[in-house]
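Residue numbers (our numbering): 465 to 643.
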């Protein structure tokens with residue numbers, strides 16, 4: 465009798481996951497936040513059109529990074545989770561800057577605060593402040609938000625939380641998208 469109840473409950477759970485719209489996607493997003501390549505969102509020509517004021521590098525437009533792999537991170541000096549992930553971003557940059565372009569955009573920040581943060585921590589990852597509107601497709605809703613975009617404009621990874629970016633998995637993603 466107890467076995468039958470357990471089986472019935474499992475069948476109901478599987479049925480809900482399989483047939484109720486949105487449940488499967490919600491669970492996938494909760495447990496597997498990395499976008500799969502087959503379902504990857506593409507960054508369009510218009511999405512790339514963002515004027516960027518360079519803080520520790522020359523000013524540019526995000527369009528200059530089109531057709532190249534890009535590590536795109538939105539962060540702020542005022543954001544504790546953003547500050548927490550910076551050491552791992554710096555280590556990833558040090559080891560993979562020849563394979564992928566790094567664009568870190570400081571949001572809701574003053575230029576002098578960003579410069580002070582970079583200098584105090586001896587960070588050299590390229591940092592910018594957006595000087596034009598950011599497309600809704602990549603505009604972050606939380607901070608930090610990071611995208612790994614391949615040379616075709618596909619968003620391979622979208623992470624809207626702090627994480628350790630200097631892991632073997634991230635290195636493998638970068639190595640695979642530059643092939």
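Heads up, the beta-carbon is just placed ideally off N, CA and C, and yes, glycines get one too.
CA-to-CA distance, residue j to residue i, given in whole angstroms
i           : j           : result
residue 634 : residue 478 : 32 Å
residue 629 : residue 553 : 6 Å
residue 619 : residue 505 : 6 Å
residue 522 : residue 508 : 24 Å
residue 529 : residue 617 : 10 Å
residue 511 : residue 602 : 8 Å
residue 571 : residue 636 : 29 Å
residue 589 : residue 567 : 8 Å
residue 597 : residue 469 : 55 Å
residue 574 : residue 558 : 26 Å
For residue i: DSSP bridge partner residues
i           : result
residue 623 : 610
residue 593 : 517
Cutoff 7 Å; reference residue i; Cβ partners in own chain excluding five residues on either side
i           : result
residue 532 : 565 and 615
residue 524 : 516 and 518
residue 577 : 541
residue 580 : none
Same chain only: Cβ atoms within 8 Å of residue i, ignoring 5 sequence neighbours per side
i           : result
residue 626 : 545, 546, 548, 549 and 608
residue 642 : 533, 563, 564 and 615
beta-carbon residue i near the ligand ATP non-hydrogen atom, thresh 7 Å
i           : result
residue 591 : Looking at this structure, you won't find the ligand ATP or any other ligand, since it has none at all.
Cβ-based neighbour list, residue i, same chain, cut-off 6 Å, excluding 5 preceding and 5 following
i           : result
residue 624 : 606 and 609
Touching or not, the segment 585-599 and the segment 466-478, by the rule of three or more beta carbon pairs under 8 Å? no
Answer yes if the segment 545-559 comes into contact with the segment 605-614, meaning at least three C-beta pairs across the two stretches below 8 Å, and no otherwise. yes
Whether or not the segment 507-516 and the segment 578-589 are in contact is what I'm after, with contact meaning three or more pairs of Cβ atoms, one per stretch, closer than 8 Å; do they touch? no
Note down, one range per segment and in chain order, each alpha helix (DSSP H) of at least 4 residues found wholly within the segment 556-590. 575-585
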